[in-house]
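Asks:
Residue numbers (the UniProt record's numbering): 1 to 174.
(1) Which residues bound the beta strand (DSSP E) around residue 186?
(2) With a Cβ-Cβ cutoff of 8 Å, do residue 49 and residue 107 count as a contact?
(3) Looking at the structure shown, is residue 144 part of a helix, part of a strand, or coil, going by DSSP?
(4) For the beta strand (DSSP E) that contains residue 36, what are its first and last residues?
(5) Over what stretch of residues does the beta strand (DSSP E) that includes residue 87 continue unbroken?
(6) For residue 77, collect the residues of the same chain with a Cβ closer than 8 Å to its Cβ; drop the 5 residues on either side in sequence, then sort them by chain order.
(7) What are the start and end residues of the beta strand (DSSP E) that includes residue 54?
(8) Pair every Cβ in the stretch 46-61 with every Cβ in the stretch 86-103, then say whether three or more of these pairs are closer than 8 Å.
(9) What do you get for residue 71, buried or exposed, if any count of 16 or more other CB atoms within 10 angstroms of its CB means buried?
(10) Determine the contact status of residue 52 and residue 37, defining contact as a CB-CB distance below 8 Å.
(11) If you reduce the DSSP assignment to three classes, tell me which class residue 49 lands in.
(12) I need the DSSP call for residue 25, collapsed to helix, strand or coil.
(13) Is residue 74 closer than 8 Å to residue 42 when the C-beta atoms are compared?
(14) Give me the DSSP bridge partner(s) of residue 91.
(15) Compare the beta carbon distance of residue 120 and residue 80 with 8 Å and say whether it is the shorter of the two.
Here it is as C-alpha cells:
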C-alpha cells in the first residue's frame with residue numbers, strides 16, 4: 001500500500017505568550033531588601049497582610065513600572081484604614097525613615113498616581129471584589145472633583161463621537 005499523503009511542512013513551535021503585569025511590587029521583612037519577601041503584580045489591594053504572612057512585618061519595598069508612574073499605599077490597619085504612607089515608583093530601603101516600619105497591615109498598589117483624595121475615597125469605600133472597581137471609583141471621584149471646579153459641567157463622551165475624538169459638555173447634579 002502506497003501512502004499518498006502530502007508531507008506536512010514543519011511548523012515552528014508556538015511560543016507561549018507571557019504578559020508581564022505592572023506595576024511590580026516587592027515587599028521585604030528586612031531593611032535593605034533582605035528577609036522574607038513577596039511579589040505582587042498588577043493593580044492589587046491586600047486587605048489583610050496577615051493573610052500573606054506579612055502583617056506588621058514590612059521593612060522595605062520596591063515598586064517598578066515601565067512608565068515610571070504608580071503608587072503603593074501602606075495602611076496601618078486592615079481594610080485600608082488608619083494612618084497611611086504613600087510612595088511612587090522606586091525603592092524604599094527602610095520604612096523606619098518614614099516612621100512606618102512594622103506597621104503596615106494592608107496595602108494598595110496601582111499603576112495610577114493616587115492623590116490624597118483618591119486614598120480617602122479608598123478608605124471610605126474600600127475596594128470592591130475586583131481592583132478594577134476601585135479604579136472606576138477613583139476615576140469617577142476625579143471627574144466629580146473636576147466638574148465642581150468647572151462649575152458643575154461634566155464631560156460627556158458618546159461612543160460615536162469617541163471615535164472622532166469629540167467631547168461634549170453637559171450639566172449634572174451631585
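Idealized CB from N, CA, C, for every residue including glycine.
Replies: With the structure as the only source:
(1) Shown here, the chain extends from 1 to 174; a query on residue 186 therefore has no answer.
(2) yes
(3) helix
(4) 34-41
(5) 81-87
(6) 105 and 106
(7) Segment: none, residue 54 is in no beta strand (DSSP E) and carries neither H nor E.
(8) yes
(9) buried
(10) no
(11) helix
(12) strand
(13) no
(14) 62
(15) no
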